[in-house]
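This report refers to the structure that appears directly beneath it.
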Amino acid sequence: MSKSSSIYPVKSFSWTLLSSNIAQKQLDKSAFFHNGSRLPKHIRPFFNCQNHISAQNIILRYKGKEYQAAVVYKQKINRFNLMWRAAFSKQLAKMFPDKKRDSGVLKFTKLRDDFFDVELLRCDSQRAGSSITPVTADDTTSIKECLHYIMKELQRGATGEEYTDHPLACFIRGEFKEELESAIDQKYSSLKISTSAGAGQWASVVWGAVLDPIVTATATKGYYLVYLFHSSGKKVFLSLNQGATAVEEEFKGNAKEVLKKRASFIRQRLGKKVTSNMVKTIDLGSSVKLPLQYEAGHSTGYVYDFDKLPSEAKLLEDLFELCGLYNALTFRGGVTSSVDEEKDSKRSKKSKDAKKKTSLNEKRQYSLHKKIDRNSVLIAEVKKVKGYRCEVCGMSLEEKYGDLGREYIEAHHLVPISTLEEEVEIPHDPVHDFAVLCANCHRMIHRLDDPSDLSQLQQRIKAVI
1 MSKSSSIYPV KSFSWTLLSS NIAQKQLDKS AFFHNGSRLP KHIRPFFNCQ
51 NHISAQNIIL RYKGKEYQAA VVYKQKINRF NLMWRAAFSK QLAKMFPDKK
101 RDSGVLKFTK LRDDFFDVEL LRCDSQRAGS SITPVTADDT TSIKECLHYI
151 MKELQRGATG EEYTDHPLAC FIRGEFKEEL ESAIDQKYSS LKISTSAGAG
201 QWASVVWGAV LDPIVTATAT KGYYLVYLFH SSGKKVFLSL NQGATAVEEE
251 FKGNAKEVLK KRASFIRQRL GKKVTSNMVK TIDLGSSVKL PLQYEAGHST
301 GYVYDFDKLP SEAKLLEDLF ELCGLYNALT FRGGVTSSVD EEKDSKRSKK
351 SKDAKKKTSL NEKRQYSLHK KIDRNSVLIA EVKKVKGYRC EVCGMSLEEK
401 YGDLGREYIE AHHLVPISTL EEEVEIPHDP VHDFAVLCAN CHRMIHRLDD
451 PSDLSQLQQR IKAVI
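Per the UniProt record's numbering, the sequence shown starts with residue 1, numbered consecutively.
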C-alpha cells in the first residue's frame, strides 16, 4: 500500500474523505434544513477552500443536471460552509422525505476544483467500500476544543474588550452552538441548543444550554442543562440548572432561596442517579446577581478545570449522562411535587378503568403525556405543519364557527403512553408524532385503551353514524 493511500479514510464530524477526489457527507440537520454543511479542516482541501475568498462558486452535478453552490468563508469565526441552493435541497427532500439523520449520504466526486458529481445514497444501498461510519468520540475533539478556546479567551481578558463583533462572542453564538448541536444530535436529537455571550454587552457568565422543548424554550425559565464558565476562565461547569428570571419575577428577593430549595428537591427526586462524583455546589467567581442565581439554581453536574480538561470521550459521556438525568427529571414530574402530580393525573384521567389502582410509573407516564399535549411551543409547530382540520372527524372549527374558530385546534401526542420511559428521548416530531384534533375527539381518544390509535376512534364514529 502506498503512503498516500494509507491515510484514507479520513473522518471528521459528518464527513469522510475516501480518497483525494471522493468525499462523503452523512446527512444531518444542516443538510436537510440549512441548505449546506460546515466544512471541517480535514475536508477543506478537497473543496480547495481559501480564506482570502469570501465565496467560491462551484457546480454540483446530480443525474446530469447542474446545481449552483458555493464554499463560503466566514472570517470572523474562521469557518467554511458548503452551501447549495433550494433547487438541490428539493432533490434531497425527494430522496429522503422523512429528513431523518443518518438516513443516507451525499457522495462527492471531484472532477475539478469547482465541479463535482454528486450521488445520493441510502444507508442500506451504499456500495461496498463506500460506507460511512458515524462519528465517534475518537474522531474529533470538538467540544473539548471549544471549551478550551473559550476558557483561554476568558483568561486572556476577552470580556474586557469591545463586545460588538468580538471573535469570542461570535464563536460562542456560532461554532460553540454548532458543536453542541452536533454532539447532542448523536443521541438526543429533539433537544435544542442555545448559547450566549451577552445581549449588546458581555454577560456576567457566558454559557451554552441544552433545552428540552417539552420543558422550556428559553434559559430564563424551567430547568435545563448548561455549560457555565467561571469568570476567570479556569473552570467550566456542566450543570443541571434552573431559569432564574421567572423565579425572580414571582418571588422577588426570595428568588435565591427558592432556587436552592428546588435544587435540593431535584436531587431528592433523582435519588441514586445523582452519583458521588457529581458536584452539588458551584462557584462562578462573581458577586453580581445572575451568577449568584446560577449558583443557587445548580442541582447537580460536573466541574472541569482548564488544566485538566478530560478527553472528548469523557466529555460526551458526561453530557449524555446528564441528558439522561434531564429526561428522568421530566419523566418524574420536574419540579412539581408528587402530590400535585397525582392530583393532576386523577383529575385528568376519566377513562373506564380510572378506578383501577395505578402505579407511580403509570401516573408519571400519563402526567408527562398531558404535559406534552399542552406545550405551547410544540403545539404551534404542529399546527403550522398539520393545519386546523381534525384528523379524526374532519371538522374545521372555522367552517363551523366562523372567525371564532379560526386557527383553533388541539394537538395530541401519538406516542403510546406506555412506551414513555425515563432517561429515554421522547419523540416529538411535529409531523410523525402528533395529530391535530378537535376538543371532542381529543377528549374521547383519551378514553381509549390506546390513545395513540386514531383509526380506532374513526371506526367508532363510523359505527354510530
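Quick reminder that beta carbons are idealized off the backbone N, C-alpha and C, glycines included.
Do you know how far the Cα of residue j is from the Cα of residue i?
i	j	result
residue 436	residue 444	13 Å
residue 68	residue 298	49 Å
residue 384	residue 13	32 Å
residue 429	residue 44	33 Å
residue 47	residue 16	13 Å
residue 262	residue 335	7 Å
residue 318	residue 52	39 Å
residue 106	residue 291	44 Å
residue 115	residue 66	9 Å
residue 145	residue 175	11 Å
residue 81	residue 73	7 Å
residue 93	residue 32	7 Å
residue 85	residue 257	52 Å
residue 414	residue 54	46 Å
residue 259	residue 91	50 Å
residue 284	residue 205	8 Å
residue 108	residue 19	11 Å
residue 11	residue 166	31 Å
residue 286	residue 216	26 Å
residue 345	residue 311	Bear in mind that a pLDDT of 44 at residue 345, under 50, signals an unreliable position, so the model cannot answer this.
residue 41	residue 170	19 Å
residue 382	residue 391	12 Å
residue 117	residue 87	16 Å
residue 448	residue 95	37 Å
residue 434	residue 70	37 Å
residue 112	residue 58	10 Å
Under the rule that 16 or more other beta-carbon atoms within 10 Å means buried, what is residue i, buried or exposed?
i	result
residue 37	buried
residue 244	buried
residue 407	exposed
residue 387	exposed
residue 313	exposed
residue 104	buried
residue 404	exposed
residue 461	exposed
residue 401	exposed
residue 212	buried
residue 409	buried
residue 125	With a pLDDT of only 44 at residue 125, under 50, the local geometry of the prediction cannot be trusted, and the value read off the model is given with reservation. Per the 10 Å Cβ criterion, exposed.
residue 162	exposed
residue 327	buried
residue 220	exposed
residue 451	buried
residue 75	exposed
residue 172	buried
What are the start and end residues of the alpha helix (DSSP H) that includes residue i?
i	result
residue 156	142-156
residue 245	244-251
residue 401	397-401
residue 330	312-331
residue 203	No alpha helix (DSSP H) holds residue 203; DSSP gives it neither H nor E.
residue 61	Looking at the DSSP string, residue 61 is not in any alpha helix (DSSP H); the run it does join, the beta strand (DSSP E), is 55-62.
residue 440	439-445
residue 267	255-270
residue 88	86-95
residue 508	Because the chain in this structure spans residues 1 to 465, residue 508 falls outside the shown range and cannot be described.
residue 376	376-386
residue 168	167-171
residue 184	177-184
residue 33	29-33
Could you tell me the boundaries of the beta strand (DSSP E) in which residue i lies?
i	result
residue 19	15-19
residue 487	Absent from the model: residue 487. The displayed extent of the chain is 1 to 465, so no value can be given.
residue 196	192-196
residue 70	65-74
residue 119	115-122
residue 415	Premise fails: residue 415 is in no beta strand (DSSP E) and is neither H nor E.
residue 112	104-112
If residue i and residue j are in contact, beta carbons under 8 Å, what's the gap, nearest whole angstrom?
i	j	result
residue 225	residue 199	Between residue 199 and residue 225 the Cβ distance is about 21 Å, and since that is not below 8 Å, they are no contact.
residue 164	residue 202	Not confirmed; about 11 Å, so no contact.
residue 227	residue 240	Not confirmed; about 12 Å, so no contact.
residue 482	residue 218	Here the chain comprises residues numbered 1 to 465, so residue 482 is not present and cannot be evaluated.
residue 49	residue 39	6 Å
residue 279	residue 294	Going by Cβ atoms, the distance from residue 279 to residue 294 rounds to 13 Å, so no, they are not a contact pair.
residue 315	residue 143	5 Å
residue 237	residue 193	No, residue 237 and residue 193 are not in contact; Cβ-Cβ is about 17 Å, not under 8 Å.
- Query: Counting Cβ pairs, one atom from each stretch, are 3 or more of them under 8 Å apart for the region 304-324 and the region 224-241?
  - Reply: yes
- Counting pairs of beta carbons, one from the region 318-331 and one from the region 171-191, are three or more of them closer than 8 Å? yes
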